[in-house]
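Below you'll find the structure, written out as structure tokens, and then a few comments.
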Amino acid sequence: MLKLVKIAVGSAASIFLADVLGLRYGTAAGIITLLTIQDTSRETIMISVKRIAAFLLATFLAYMVFHVAGYHVLAYGIFLFLFVACCVWLRLGDAVSINAVLATHYLLEQDMSLSFIGNEALLLLIGAGTGTLLNLYIPGKGKEIRVMQRTLEEDLRRVLLRMAEYIGKEDRSDYTGACFDKLQADIASGTKQAYAYMNNTFFQESKYFIAYMNMREQQTLVLRDIYKKILSIRTIPPQTEQVAELFHEAAVTFGESNNARELLARLSELLRHMKDSALPVTREEFEDRAVLYGILMDLEYFLQLKKEFADSLTEEQVRRYWGGKEDCCIDSARK
């Protein structure tokens with residue numbers, strides 16, 4: 335709805351301004367505004383820059399062709415062939431339509447004097463400028479992404495709690511991977527929101543949300559592997575209870591600002607304990623102990639992904655996105 339309002343108001347304002355300045359073909363400024371307003375601020379600015387560059391190219395080509403071949407339809411066809419070919423080569427395809435229309439004004443008026451070229455340049459600047467200014471304001475999606483982050487963390491916490499519960503059960507007939515469906519859908523939605531937010535802001539720190547979503551997606555892949563391993567366990571090794579407790583702790587302490595260092599230390603201690611434990615007696619026990627060890631390796635990678643994410647943050651990102659939380663401070667991402 336906001337985009338429609340911008341298009342309507344911006345187009346009318348561009349035509350009004352062109353008329354006030356006494357420009358010929360003033361309605362073209364309104365059409366340029368309509369085509370300039372894109373879904374994101376960055377797209378709008380990029381397309382405006384492309385159209386200005388393409389205008390210079392179109393004016394040069396039109397001047398050369400019309401002065402050599404005259405002002406007639408065949409000459410316009412030659413111009414259009416050269417112009418489109420150059421725009422494709424220079425990756426200015428988005429700017430073809432507007433400048434092709436402006437070039438028809440040269441043809442209709444049979445005039446390429448400096449004053450008329452200035453008329454066309456002003457039409458482009460008014461139309462593109464109005465569209466760009468209006469589209470610099472697009473309501474931020476920061477709050478929506480924050481809500482999605484909380485939802486994702488709850489999804490992941492639920493998965494970890496189920497793992498803590500079922501890893502110690504012999505009967506896992508009701509343990510399905512359905513919980514991953516919602517998690518994956520929420521990650522896809524969050525990633526889409528993160529890219530939209532980045533394209534509507536001009537802060538480098540806005541890439542934080544994309545990095546966050548990518549990290550959660552990688553963690554989800556690790557959890558899927560753990561889920562498959564849990565299903566393959568046939569006996570309950572003695573160390574299973576400690577592993578379940580570690581999963582439970584990971585779920586309870588799970589959060590955006592937890593850098594996972596304490597959990598990694600606990601996991602390392604548990605691995606040492608497993609190495610010092612008595613060897614399994616039967617082949618089945620040996621295989622299940624190996625699976626349990628593999629689960630801990632996966633969990634370590636799961637936690638390492640979060641630690642690496644925390645370590646990669648700039649101080650500005652930590653202040654902006656973690657600074658308001660009670661359970662973190664700038665130094666917590668570095669320790």
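Position 49 (the sequence shown) corresponds to 383 in our numbering; numbering is contiguous.
Think of the CB as a built atom: it goes at the ideal place given N, C-alpha and C, for glycine as much as any other residue.
Per-residue DSSP class, three states only, for residue i
i    : result
A382 : It should be noted that the sequence gives Ser, not Ala, for residue 382. S382 falls in the helix class under three-state DSSP.
R568 : coil
E660 : Only weak support exists for where E660 lies, its pLDDT of 34 falling under 50; the value from the coordinates is given anyway. Three-state result, E660: coil.
K503 : coil
D353 : helix
T525 : helix
R425 : coil
D489 : helix
A667 : Model confidence at A667 stands at a pLDDT of 40, short of 50, so the residue's coordinates are unreliable; what they give is reported in the following sentence. DSSP places A667 in helix when its eight states are reduced to three.
R358 : coil
A644 : helix
Q444 : coil
F588 : coil
L391 : helix
A342 : helix
Q372 : coil
T510 : coil
Option in the options with minimal Cα separation from residue i
i    : options                   : result
V339 : A352, Q372 and P571       : Q372
Y635 : F417, V577, Q553 and A545 : Q553
Y440 : E487, A392, T378 and T485 : A392
A585 : R376, G427, L495 and W423 : L495
V383 : V418, F394 and A462       : A462
R492 : A388, F514, H406 and G628 : F514
D520 : N533, L490, A578 and L486 : L486
T525 : D508, I501, A512 and R550 : R550
E583 : M380, L633, G344 and N548 : L633
M380 : A429, G344 and M547       : A429
Q576 : R425, E499, A437 and L414 : E499
Sub-8 Å separation of residue i and residue j beta-carbons
i    : j    : result
T569 : E603 : no
M497 : I564 : yes
S348 : I460 : yes
Y529 : I544 : yes
I412 : A419 : no
L368 : I386 : no
L630 : L598 : no
T574 : L626 : yes
Rounded distance between the beta-carbons of residue j and residue i, thought under 8 Å
i    : j    : result
F400 : A409 : 6 Å
N533 : R376 : 5 Å
I501 : F581 : 7 Å
(request) Would you check if there are 3 or more beta carbon pairs closer than 8 Å linking the region 448-466 to the region 356-363? (result) Contact holds: three or more Cβ-Cβ distances are below 8 Å.
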